[in-house]
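4 protein chains.
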Amino acid sequence: DAPLSLIAGPCALESRTHALEMAGALKEIAARLGVGLVFKTSYDKANRTSLSSARGIGLEEALPIFAEIRESLGLPVLTDVHAPEQCDRAAEAVDILQIPAFLCRQTDLLVAAARTGRVVNVKKGQFLAPWDMQHVAGKVLGAGNANILLTERGVSFGYNTLISDMRALPIMAQTGCPVIFDATHSVQQPGGQGGSSGGQREFVAVLARAAVAVGVAGLFIETHDDPDNAPSDGPNMVPLDQFEGLIAELMEIDEVVKARRAG
Amino acid sequence: DAPLSLIAGPCALESRTHALEMAGALKEIAARLGVGLVFKTSYDKANRTSLSSARGIGLEEALPIFAEIRESLGLPVLTDVHAPEQCDRAAEAVDILQIPAFLCRQTDLLVAAARTGRVVNVKKGQFLAPWDMQHVAGKVLGAGNANILLTERGVSFGYNTLISDMRALPIMAQTGCPVIFDATHSVQQPGGQGGSSGGQREFVAVLARAAVAVGVAGLFIETHDDPDNAPSDGPNMVPLDQFEGLIAELMEIDEVVKARRAG
Amino acid sequence: DAPLSLIAGPCALESRTHALEMAGALKEIAARLGVGLVFKTSYDKANRTSLSSARGIGLEEALPIFAEIRESLGLPVLTDVHAPEQCDRAAEAVDILQIPAFLCRQTDLLVAAARTGRVVNVKKGQFLAPWDMQHVAGKVLGAGNANILLTERGVSFGYNTLISDMRALPIMAQTGCPVIFDATHSVQQPGGQGGSSGGQREFVAVLARAAVAVGVAGLFIETHDDPDNAPSDGPNMVPLDQFEGLIAELMEIDEVVKARRAG
Amino acid sequence: DAPLSLIAGPCALESRTHALEMAGALKEIAARLGVGLVFKTSYDKANRTSLSSARGIGLEEALPIFAEIRESLGLPVLTDVHAPEQCDRAAEAVDILQIPAFLCRQTDLLVAAARTGRVVNVKKGQFLAPWDMQHVAGKVLGAGNANILLTERGVSFGYNTLISDMRALPIMAQTGCPVIFDATHSVQQPGGQGGSSGGQREFVAVLARAAVAVGVAGLFIETHDDPDNAPSDGPNMVPLDQFEGLIAELMEIDEVVKARRAG
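Chains as they are written, first to last, in the numbering used here: chain A, 865 to 1127; chain B, 865 to 1127; chain C, 865 to 1127; chain D, 865 to 1127.
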């Protein structure tokens, strides 16, 4: 069992400057902690609650920024894709293509992402049982790509609420794919603020500790230097200045748990 | 309150011959009962559980069949679209564009469908609260199209199970959009057969009676002359030879309930 | 299929005068409508959210009032019991002993109620699947009493919310026991007001219509002449002056549905 | 933050010999690990799925066995009570009175348990939100007893399934009461085997690791030397020969997490 890795970054790619600053800051933290880091950011928020919510800078404007982060900082980059025709283009500049949870059963998107040869990270739908992710992974594998990550981000529990089933982590691991726990979207409250989604930032650390103790390959955590003014997912992003302390604790738990497994 | 209308047909467009036979049979039933009918069928099953499941004949092959049903039988046609670029093409041959439940928050798809000027029927996501559909309808409306139907088709309840919240019908009606109850997919058991979804056909009539008694503009019911050998949704389609009896009872309940409202 | 019956009354037995007034008013309504009526009221609210909430007048003070309602008005009476030792005493003065939902698996209570020989109405626990009620009914039957009613009153759906699964009605009917739909507690929001439970009175008629259209032996509806000042369940009781109109509509739906079944 | 404590033992008190053997074995394990131990066992299974399921040896027969375990082994003992009149009697021989989850809102039982002066451990109902446990604790406190433990054991999630919300642990801790995680009943599948409850023993360690990483005062874990032949809860009890290894790992995680908090 390899030690814990991180997928981290701001929810939305707000600007070249902001993305580079955030990536730089996260690179330093990861170096100090000795943890593997993938930089995550989105060029388009394609399924906002309301039409009036901000969408993002778009794929074409984002590509050179992704490339610059990879080249200047040496960080692998992850972004999410929303349509089959975006996959090839995005794959030129990023290392991991992410399939959003709502789209996790869209065969054409999964196949198109798979065919790029990039790692494909599929988020488990809020409406899906963990054992059903084997069929989702099967679509990527069937398209010739075995580099698959599966990410847990909560399951529907009543209205406007998600709940994290920690049993989902070992169940999804039975596919043989590395399993990631998304501690940011697991504390989202979909539609919980009327025209936008709410979140419970105070539970990010709680659920992340739980997932790491259960055993995961990696954590997905969105972070921001000013989350309360971020264009999306502000209520559930971790403030950047709390990020290092959080990860340090999670690494300690990871070490205990994986030493046991290895021992 | 107008009397109950129907959206009905086989889940998948299997062939020109089968579609015309089904549409013809349904037209006769609707004429005997005096009920408005929209013929529904899908050219692509874009989110099957498994990669190996049948997809469908595709949009280009379906378009002339849709046109023939409209022209030769005079029936309005509904089909579902899965990507923005399909909307204009599908709108040439059908009257209602349907947005699948998993895709009900994909802004680009909603806007593209809206811009065709056709009626847009949005299925409520299995992960969505009924009051959140106002924002979904707002995306279509904000794109300049006020011809919106909202369809209830169950909400996630534990794993591999949906439940129908009858309160959702009046809540969604507060948007001013006609509300449809999909009695076929509400009894689906997502992923319930391992590599495919199961269903509980025996509860279609149960839930349809409930929804009509609550009060809806229309019902969405898939039907097939041989559901146990249908390529998709067989476990939850109503056999064609039981369809007329079912609808006759539902129309009686509808009449009682709407006479009260009018009275 | 016999026509719809009613179990109705104020949640709590507030005083002799109030109970007799309510029972008298309900008897007149039932006579006008030609519907069977059981008068329901509780002498003890044994599981209030908070210690400070009102409990009720108690069994000993209630018994003569129950007896007076039966004798002076000729109405059968239902009340709920909370401990085995209350069953014999309550059975002296009432026709139906009701087992509260939280207590529906307490074997000693079920057996004690069964042994009185009175009809036993068991409310399905908010935590129970409908098919599990056969085992609950089996405990009453195994104690020698076949006069069993099973009542649906919603199932847990996320936090502080219940949802009504209309499939539960035919599933529970497979036991052979008459099935009652409790439209009052199905719209309860447990703990929804912090120190007490909330409710959605506006959905009582919605869910009652749905249940009657599905097909039930009876309805359980709490009503009060001044629900907003009632000591318990005020938010979900129907105002007495709306009761007759509501029941008249439900009887019409019941007639349509049961004529079909009989036909 | 005190180190993790344990509440452990076989689900049912099967016989004096078996109880003493189990208590002795657990005492030795706890001594080797240096962990605090309360011995748990039940004299009555009062809410079995079916009437034909075994009930237990009863309170009167259990009392001298509880006393013997306390005296001969020096272990504190916990048992569950089901009716107010059992509380005083049970309190003579045990240290902690436990309120079963289904009964967690029964005011009379909570008050009677409180008045014994013994520690009261209340299990959170499968139908209750974690923030509603403050009112449950308030009933015990209002009866003059501040020695309250609150135990999480899963919440209803669809039918026949529980799910563990790790956010419930810090939410319940806001009451100031020590919070226990019951890893045995959290993996129960209520009614999951038709006439009895099933369970997923393989997830006991998974959920226990998660809960300890989140931070709890103690764990409740049932264990048995031959769980597959135990009279109740066999499917979710940990085999005794795996108990020590499990607890050792959990103590390591607990140490890391609580050192952080203290540091």
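All residues carry an ideal CB built from backbone N, CA and C; glycine is no exception.
query: Hey, how far is the Cα of B:Gln998 from the Cα of C:Val1070?; result: 20 Å
query: Taking only beta-carbon atoms, is A:Ala947 less than 8 Å away from chain B?; result: yes
query: Taking DSSP's pairing of strands, which residues face B:Gln1053 in a bridge?; result: B:Gly1062
query: On the three-pair Cβ rule with 8 Å, is the region 988–1004 of chain D touching the region 1026–1035 of chain D?; result: yes
query: Going along the region 971–990 of chain A in order, which residues come within less than 7 Å of chain B, judged by CB to CB distance?; result: Thr971, Asp972 and Gln990
query: Please list, in chain order, the chain B residues whose beta carbon lies closer than 8 Å to that of A:Ser1020.; result: Gln990, Phe991, Val1019 and Ser1020
query: Run through DSSP, which three-state label would D:Phe1107 get?; result: helix
query: Straight-line CA distance for D:Val1051 to D:Ala1075?; result: 13 Å
query: Does the contact criterion of 3 or more C-beta pairs under 8 Å hold for the region 1117–1127 of chain C versus the region 1100–1108 of chain D?; result: no
query: For D:Ala954, would you say it is in contact with chain C, using Cβ-to-Cβ distances shorter than 8 Å as the test?; result: no
query: Give me the chain D residues within the contact set of A:Ala1077, using Cβ-Cβ distance strictly less than 7 Å, ordered along the chain.; result: Arg1073, Ala1074, Val1076, Ala1077 and Ile1117
query: Tell me which same chain residues have a C-beta within less than 7 Å of the C-beta of A:Thr913, skipping the five on either side of it?; result: Gly1055, Gly1059, Ser1060 and Ser1061
query: Over what stretch of residues does the beta strand (DSSP E) that includes C:Thr1015 continue unbroken?; result: Ile1012 to Glu1016
query: Identify whether A:Ala978 lies in helix, strand or coil by the three-state DSSP scheme.; result: helix
query: Can you tell me whether A:Thr905 is buried or exposed, with buried defined as 16 or more other CB within 10 angstroms of its CB?; result: buried
query: Could you give the C-beta distance for C:Phe930 and D:Arg969, rounded to a whole number, given that I count them as a contact under 8 Å?; result: Not really, about 25 Å apart at Cβ, beyond 8 Å.
query: Tell me the residue span of the alpha helix (DSSP H) that contains D:Ala883.; result: Arg880 to Leu897
query: Of all Cβ atoms in chain C, is any one closer than 8 Å to the Cβ of D:Ser936?; result: no
query: Does the distance from the C-beta atom of A:Gln990 to that of A:Ser1020 stay below 8 Å?; result: yes
query: DSSP three-state call for D:Ser936: helix, strand or coil?; result: helix
query: When the Cβ atoms of the region 979–987 of chain D are set against those of the region 949–962 of chain D, are three or more pairs found closer than 8 Å?; result: yes
query: Can you round the beta-carbon distance between B:Ile933 and B:Leu884 to whole angstroms, since I take them to be within the 8 Å contact cut?; result: 7 Å
query: I need the straight-line Cα distance from D:His1088 to D:Glu1066, nearest angstrom please.; result: 15 Å
query: Applying the criterion that 16 or more other CB atoms from any shown protein chain within 10 Å of the CB defines a buried residue, is A:Ser916 buried or exposed?; result: exposed
query: Run through the DSSP bridge pairs and tell me what A:His999 is partnered with.; result: BP columns for A:His999 are empty, so no partner.
query: Measuring alpha carbon to alpha carbon, tell me which residue in D:Thr971, D:Gly1008, D:Gly1006 and D:Val1068 is nearest D:Gly1018.; result: D:Val1068
query: Taking only three categories from DSSP, how would you classify A:Gln1144?; result: Chain A is shown only over 865 to 1127; residue 1144 of chain A falls outside these bounds and no answer can be derived.
query: When Cβ atoms are compared, which residues of the region 865–894 of chain A fall closer than 9 Å to chain B?; result: none
query: Which first and last residues belong to the alpha helix (DSSP H) in which A:Leu877 is found?; result: Taken as a continuous stretch (DSSP letters only), A:Leu877 belongs to no alpha helix (DSSP H), as it is neither H nor E.
query: Going by DSSP, what residues sit across from A:Val941 in a beta bridge?; result: A:Phe903
query: What whole-angstrom Cβ distance do A:Thr1048 and A:Asp1097 have, given they're in contact under 8 Å?; result: 7 Å
query: Does the CB of B:Gly922 have a neighbour CB from chain A at under 8 Å?; result: no
query: Short check: CB of A:Leu923 to CB of A:Asp908, under 8 Å?; result: yes
query: Going by DSSP in three states, D:Gly1040 sits in which element: helix, strand or coil?; result: coil
query: Please name the residue in C:Val975, C:Lys891 and C:Val1043 whose C-alpha comes closest to that of C:Lys988.; result: C:Val1043
query: Closer than 8 Å, Cβ to any Cβ of chain D: which residues of the region 1053–1067 of chain C, in chain order?; result: Pro1054, Gly1055 and Gly1059
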